[in-house]
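Student:
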Amino acid sequence: MNDQTPLLKNNNRHTYNNSHNIIDKNDDAEPTTYSSVKTLLCCSNFNYLLIFIPFGILSKLCGWSDTWVFCLNFMGIIPLANLLGFATEDISLRFGDTIGSLLNATFGNAVELIISVVALNNGLIRVVQASILGSVLSNLLLVQGVCFFLGGIRYSEQFFNVTAAQTSASLLALAMISLLIPAAFYTSVDSEKAIDGILNLSHGTAIVLLIIYIMYLVFQLKTHSHLYESETIDGDDSPQMTIYVSIGSLLIISIIVSITADYLVGSIEGLVESWNISRTFVGIVLIPIVGNAAEHVSSVTFALKNKMDLCIGVAIGSSMQIALGMTPLLVILGWFLGEPLTLFFESFETCVLVVAILIVNYLIADGKSNWLEGAMLLAAYVIIAMAFFFYPDDGQVSFIPKPV
Amino acid sequence: NRGNKDTTIVVDDQAPSTSAGAGSIHKTQETSRRPPTAIQSIVNVIKSTWLNVLLVFIPLGILSHFLNWGDVSTFTLNFFAIIPLAKLLGTVTEDIALRVGETIGGLLNATFGNAVELIVSILAIRQNLIRVVQASMLGSIISNLLLVLGMCFVAGGYYKKEQNFNQTAAQTCASLMTLACIALIIPAALHAAVSTDKGKTEEEILDLSRGTAVVLLIVYGFYLFFQLRTHKFLYNELPEGAECAEGAEGENAAPEEPEEPQLSLSISIASLAVITVAVAICAEFLVGSIEGIVETSGLSSTFVGLILLPIVGNAAEHVTAVSVAIKDKMDLAIGVAAGSSMQIALFVTPFLVILGWIINKPMTLFFELFETIVLFISVLITNYLIQDGKSNWLEGVMLLATYTIIALAFYFYPDDT
Numbered sequence: 001m002n003d004q005t006p007l008l009k010n011n012n013r014h015t016y017n018n019s020h021n022i023i024d025k026n027d028d029a030e031p032t033t034y035s036s037v038k039t040l041l042c043c044s045n046f047n048y049l050l051i052f053i054p055f056g057i058l059s060k061l062c063g064w065s066d067t068w069v070f071c072l073n074f075m076g077i078i079p080l081a082n083l084l085g086f087a088t089e090d091i092s093l094r095f096g097d098t099i100g101s102l103l104n105a106t107f108g109n110a111v112e113l114i115i116s117v118v119a120l121n122n123g124l125i126r127v128v129q130a131s132i133l134g135s136v137l138s139n140l141l142l143v144q145g146v147c148f149f150l151g152g153i154r155y156s157e158q159f160f161n162v163t164a165a166q167t168s169a170s171l172l173a174l175a176m177i178s179l180l181i182p183a184a185f186y187t188s189v190d191s192e193k194a195i196d197g198i199l200n201l202s203h204g205t206a207i208v209l210l211i212i213y214i215m216y217l218v219f220q221l222k223t224h225s226h227l228y229e230s231e232t233i234d235g236d237d238s239p240q241m242t243i244y245v246s247i248g249s250l251l252i253i254s255i256i257v258s259i260t261a262d263y264l265v266g267s268i269e270g271l272v273e274s275w276n277i278s279r280t281f282v283g284i285v286l287i288p289i290v291g292n293a294a295e296h297v298s299s300v301t302f303a304l305k306n307k308m309d310l311c312i313g314v315a316i317g318s319s320m321q322i323a324l325g326m327t328p329l330l331v332i333l334g335w336f337l338g339e340p341l342t343l344f345f346e347s348f349e350t351c352v353l354v355v356a357i358l359i360v361n362y363l364i365a366d367g368k369s370n371w372l373e374g375a376m377l378l379a380a381y382v383i384i385a386m387a388f389f390f391y392p393d394d395g396q397v398s399f400i401p402k403p404v
Numbered sequence: 001n002r003g004n005k006d007t008t009i010v011v012d013d014q015a016p017s018t019s020a021g022a023g024s025i026h027k028t029q030e031t032s033r034r035p036p037t038a039i040q041s042i043v044n045v046i047k048s049t050w051l052n053v054l055l056v057f058i059p060l061g062i063l064s065h066f067l068n069w070g071d072v073s074t075f076t077l078n079f080f081a082i083i084p085l086a087k088l089l090g091t092v093t094e095d096i097a098l099r100v101g102e103t104i105g106g107l108l109n110a111t112f113g114n115a116v117e118l119i120v121s122i123l124a125i126r127q128n129l130i131r132v133v134q135a136s137m138l139g140s141i142i143s144n145l146l147l148v149l150g151m152c153f154v155a156g157g158y159y160k161k162e163q164n165f166n167q168t169a170a171q172t173c174a175s176l177m178t179l180a181c182i183a184l185i186i187p188a189a190l191h192a193a194v195s196t197d198k199g200k201t202e203e204e205i206l207d208l209s210r211g212t213a214v215v216l217l218i219v220y221g222f223y224l225f226f227q228l229r230t231h232k233f234l235y236n237e238l239p240e241g242a243e244c245a246e247g248a249e250g251e252n253a254a255p256e257e258p259e260e261p262q263l264s265l266s267i268s269i270a271s272l273a274v275i276t277v278a279v280a281i282c283a284e285f286l287v288g289s290i291e292g293i294v295e296t297s298g299l300s301s302t303f304v305g306l307i308l309l310p311i312v313g314n315a316a317e318h319v320t321a322v323s324v325a326i327k328d329k330m331d332l333a334i335g336v337a338a339g340s341s342m343q344i345a346l347f348v349t350p351f352l353v354i355l356g357w358i359i360n361k362p363m364t365l366f367f368e369l370f371e372t373i374v375l376f377i378s379v380l381i382t383n384y385l386i387q388d389g390k391s392n393w394l395e396g397v398m399l400l401a402t403y404t405i406i407a408l409a410f411y412f413y414p415d416d417t
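Residue numbers (the UniProt record's numbering), protein chains in the order written: chain Z, 1 to 404; chain E, 1 to 417.
1. Report the CB separation of F70/Z from I268/Z in whole angstroms; it is logged as a contact under 8 Å.
2. Using beta carbons (cut-off 7 Å, strictly below), is A135/E in contact with chain Z?
3. Can you pull the DSSP bridge partners for K390/E?
4. Check for me: the alpha helix (DSSP H) holding V382/Z runs from which residue to which?
5. State the DSSP-derived secondary structure class of F159/Z, mapped to helix, strand or coil.
6. Looking at the structure shown, is K327/E part of a helix, part of a strand, or coil, going by DSSP?
7. Less than 7 Å between the beta carbons of Q163/E and G389/E, yes or no?
8. Alpha helix (DSSP H) containing K87/E: first to last residue?
9. Answer with buried or exposed for F66/E, where buried requires no fewer than 16 other C-beta atoms within 10 angstroms of its C-beta.
10. Rounded to the nearest angstrom, what separates K193/Z and P182/Z at their Cα positions?
11. Residues of chain Z with CB closer than 9 Å to the CB of V348/E, please, in chain order.
12. Take N104/Z as the anchor and find which of F302/Z, I364/Z and F348/Z has the nearest alpha-carbon.
13. Answer with buried or exposed for H318/E, where buried requires no fewer than 16 other C-beta atoms within 10 angstroms of its C-beta.
14. Which stretch, first to last residue, makes up the alpha helix (DSSP H) that contains E346/Z?
15. Tell me which same chain residues have a C-beta within less than 6 Å of the C-beta of G317/Z, skipping the five on either side of it?
16. DSSP state of K368/Z, grouped into three classes?
17. Anything in the region 362–375 of chain Z with a Cβ closer than 9 Å to a Cβ of chain E? List those residues in chain order, please.
18. Do you know offhand how far A253/E's Cα is from I142/E's?
19. Report the CB separation of I96/E from A81/E in whole angstroms; it is logged as a contact under 8 Å.
20. Go ahead and label A393/E buried or exposed: buried means 16 or more other beta carbons lie within 10 angstroms of its beta carbon, across all protein chains shown.
21. Considering only the beta carbon of each residue, do S369/Z and Q166/Z sit closer than 7 Å?
22. In angstroms, rounded to a whole number, what distance separates the CA positions of Y158/E and K329/E?
23. From the DSSP output, in three-state form, read off G123/Z for me.
24. Between N144/E, L399/E, H191/E and F153/E, which lies nearest to I344/E when the distance is taken from Cα to Cα?
25. With a threshold of 6 Å on Cβ separation, who are the neighbours of A206/Z within its own chain once the five nearest residues in sequence on each side are excluded?
26. Around the Cβ of C62/Z, are there at least 16 other Cβ atoms within 10 angstroms (buried) or fewer (exposed)?
27. For my contact list, I287/Z and A173/Z are in at a C-beta cut-off of 8 Å; report their separation, rounded to the angstrom.
28. For V285/Z, count neighbouring C-beta atoms within 10 Å of its own C-beta (all shown protein chains included) and say buried if the count is 16 or more, exposed if not.
29. Please report whether the beta-carbon of T178/E lies at a distance below 7 Å from any beta-carbon of chain Z.
30. Can you have a look at V348/E and say buried or exposed, based on whether 16 or more other CB atoms are within 10 angstroms of its CB?
31. Check for me: the alpha helix (DSSP H) holding T32/Z runs from which residue to which?
32. Measure the Cβ-Cβ separation of F410/E and L306/E and say whether it is below 7 Å.
33. With 7 Å set as the bound, which would you pick, yes or no: does the beta-carbon of A169/E sit closer than that to a beta-carbon of chain Z?
34. Quick one: grab the DSSP three-state call for I359/E.
35. Starting from I51/Z and walking both ways along the alpha helix (DSSP H), at which residues does that stretch end?
36. Return helix, strand or coil for C62/Z, following the three-state DSSP convention.
Right, dumping it as structure tokens:
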């Protein structure tokens with residue numbers, strides 16, 4: 001915690017503001033609320049597309065065709081993605097990459113959490129599991145892959161904080177274990193007795209994971225925050241918005257994004273019904289891509305600006321949050337609501353998650369990335385997506401691995 | 001998978017032709033002032049390695065087929081005949097590569113280096129011995145990762161307490177092998193989860209395999225591009241052009257004089273053709289005798305494919321890798337072994353799947369669950385042992401132990417179909 005006025009503009013990233021924005025800078029005055037909002041709205045030409053948003057909402061509420069709903073909301077999400085990135089960057093310039101990416105991920109996932117709770121309440125357990133799986137996979141492999149790939153084309157090698165990366169890798173491994181054990185349990189134990197055991201196991205594990213996640217937050221933000229400091233110091237960037245505007249706008253934008261994304265997702269389901277694609281594919285691959293498009297795009301822009309810590313914080317951080325925070329939370333909520341949500345995913349899905357986490361861990365452990373690593377992640381994602389494409393629809397499938 | 005010296009070619013798994021390798025025919029500029037005559041160069045090539053003693057088996061193998069000495073003798077004789085041919089193929093390819101430069105050399109390497117595996121496999125697919133082919137792919141990967149590497153660590157560790165190699169390149173290898181593993185695990189997992197409708201499942205697994213094969217080949221292409229173009233600097237300090245490892249700047253960076261090709265271009269191309277034809281002939285007889293062997297000797301076809309066939313394809317690299325490890329060039333040894341596995345996993349196997357697609361044979365990436373687990377374990381333990389950049393004889397023993405356990409398991413594995 002350093003509240004000395006830095007001599008150079010670019011050192012204010014580690015300065016925590018408590019209540020008043022009293023940072024004397026060399027020349028520009030601290031932005032006012034008015035100027036912040038103005039900056040936000042004028043920051044890019046994409047913002048002209050913002051007019052599509054009310055139309056998008058209208059199209060859904062007035063029951064226009066799925067195609068209209070899809071197109072209008074799609075156009076609307078583009079400027080939102082941009083603004084999301086802008087707000088996050090601003091926050092990170094003020095508070096550091098760690099908090100910036102944390103806030104981005106949290107607001108992004110908070111709304112998904114709400115949607116999942118609603119689904120859970122309606123007993124749609126498989127839908128919840130599918131959306132969790134899809135989100136984690138798309139963040140770990142697709143987003144990270146595109147980031148590494150595109151970033152690697154521009155910059156020969158990109159660096160990010162090794163400690164942060166390795167801690168993330170270990171935590172992902174822990175999440176993996178939390179899913180493997182119930183699956184192994186299921187295959188070894190007689191199926192009738194297994195269900196009860198697995199439910200109880202899931203409840204206990206969820207509590208453990210939540211505790212770990214909270215400890216991780218404390219580690220990251222309090223006791224070992226110095227380990228997470230970015231090694232590359234930005235140029236002369238300074239935050240262009242006040243705290244309240246930046247955080248507030250992040251919150252509001254996230255809400256609008258989730259509404260728009262929700263309509264997008266709904267329209268996709270309609271469009272796809274007629275194409276007869278496996279619903280597993282739609283649920284695990286298509287919907288998370290579409291639903292998280294905004295965050296994905298902002299991650300990629302971070303990578304292209306060589307802000308790898310921010311990029312990884314958003315992508316992998318989001319996966320971690322879902323796996324270690326949101327999922328256990330949902331399991332516990334299910335406990336209270338009497339819905340049997342467990343940590344036992346279908347064996348194929350567990351296998352896919354394990355494999356994805358494995359390769360991501362290998363690739364981020366060294367703190368460097370290049371375009372080939374991005375290509376590898378994308379290849380893994382494509383293979384997995386293809387497998388889900390050929391995966392027969394739920395209902396006729398037996399999930400017990402064939403005894404060899 | 002034959003490698004080369006300062007041309008950082010695809011996979012270097014043969015000691016590059018300086019004094020480093022077993023069976024190098026190339027001398028540095030200083031010692032060979034006059035280009036040798038045609039006869040002389042051929043003689044040099046033949047004298048270059050003790051493996052060439054096995055060349056006598058070629059006529060024996062051919063005779064055995066035509067005189068009907070029985071499947072076991074045909075198999076065995078041709079088995080020993082192919083080994084020196086594989087080595088010769090590598091040597092000649094290296095020679096040509098010295099002339100044509102890195103990129104083309106690398107591509108040449110990829111093709112001819114794997115010629116033996118490719119030829120044997122294509123012949124086997126045509127005879128519908130799909131399981132044998134799958135087994136031999138898997139066996140090649142496992143034998144390179146466990147058997148060859150294990151022997152390298154043990155042999156090298158006998159002479160030196162601890163050997164070092166470059167971590168970064170080892171880790172790139174590890175990641176690529178993991179990706180290849182994923183490509184093989186996913187179809188198996190899919191199959192295990194979806195076991196009701198048999199007919200449809202086969203169809204879907206086939207489609208998935210074909211799609212995955214395309215993805216893998218693209219990744220392989222990217223890898224070549226990465227290595228030869230965009231990130232050459234990561235591989236360039238190699239004095240010996242090992243693919244999967246950066247040379248330790250210290251001892252190995254002795255200034256090497258540029259080599260000269262030993263054979264004239266026409267002779268090398270001609271010998272390439274001759275050797276390939278010889279390999280094809282012996283391979284044809286070899287593959288033809290497999291079914292007979294399986295019936296008479298009681299060995300399962302899986303065992304034949306998994307343990308025996310890979311030895312044929314890999315014996316040459318095996319010898320090279322071990323001799324190089326003894327000379328404390330562990331980077332090179334790992335480059336040979338791991339690089340070879342990678343080529344099989346990312347190039348040869350997908351290529352065979354696509355080939356099967358073209359000639360309409362159901363070659364898939366779906367291995368039995370057991371085999372997939374075995375592959376996964378092998379990659380896992382190898383990755384663990386090479387990640388720290390150091391090796392000792394005990395690590396070698398661990399790898400060999402794993403291989404023995406796996407081989408035993410396959411010996412007792414019941415043959416279905």
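Ideal placement from N, C-alpha and C gives every residue a C-beta, glycine not left out. Predicted, not measured: the structure shown is a model, and the values here were computed from it.
Tutor: Quick answer:
1. 7 Å
2. no
3. N164/E
4. W371 to F390
5. strand
6. coil
7. no
8. D71 to V100
9. exposed
10. 13 Å
11. Correct list: empty, because the minimum Cβ distance to chain Z is about 17 Å.
12. F302/Z
13. buried
14. Unbroken run through E346/Z: none, as it is neither H nor E.
15. S101 and A105
16. strand
17. Y362, L363, A365, D366, K368, N370, W371, L372, E373 and A375
18. Any answer about A253/E is weak, because its pLDDT of 39 lies below 50 and its placement is not dependable; what the coordinates show is given next. Their backbone Cα atoms lie some 31 Å apart in a straight line.
19. Not confirmed; about 23 Å, so no contact.
20. Strictly speaking, residue 393/E in this sequence is Trp, with Ala absent from that position. The residue in question, W393/E, is buried, as its Cβ has 16 or more Cβ neighbours within 10 Å.
21. no
22. 14 Å
23. coil
24. N144/E
25. P328, V331 and I332
26. exposed
27. I287/Z to A173/Z, Cβ: 27 Å. No contact.
28. buried
29. yes
30. buried
31. Looking at the DSSP string, T32/Z is not in any alpha helix (DSSP H), and its letter there is neither H nor E.
32. yes
33. no
34. coil
35. Here I51/Z belongs to no alpha helix (DSSP H), and DSSP marks it neither H nor E.
36. coil
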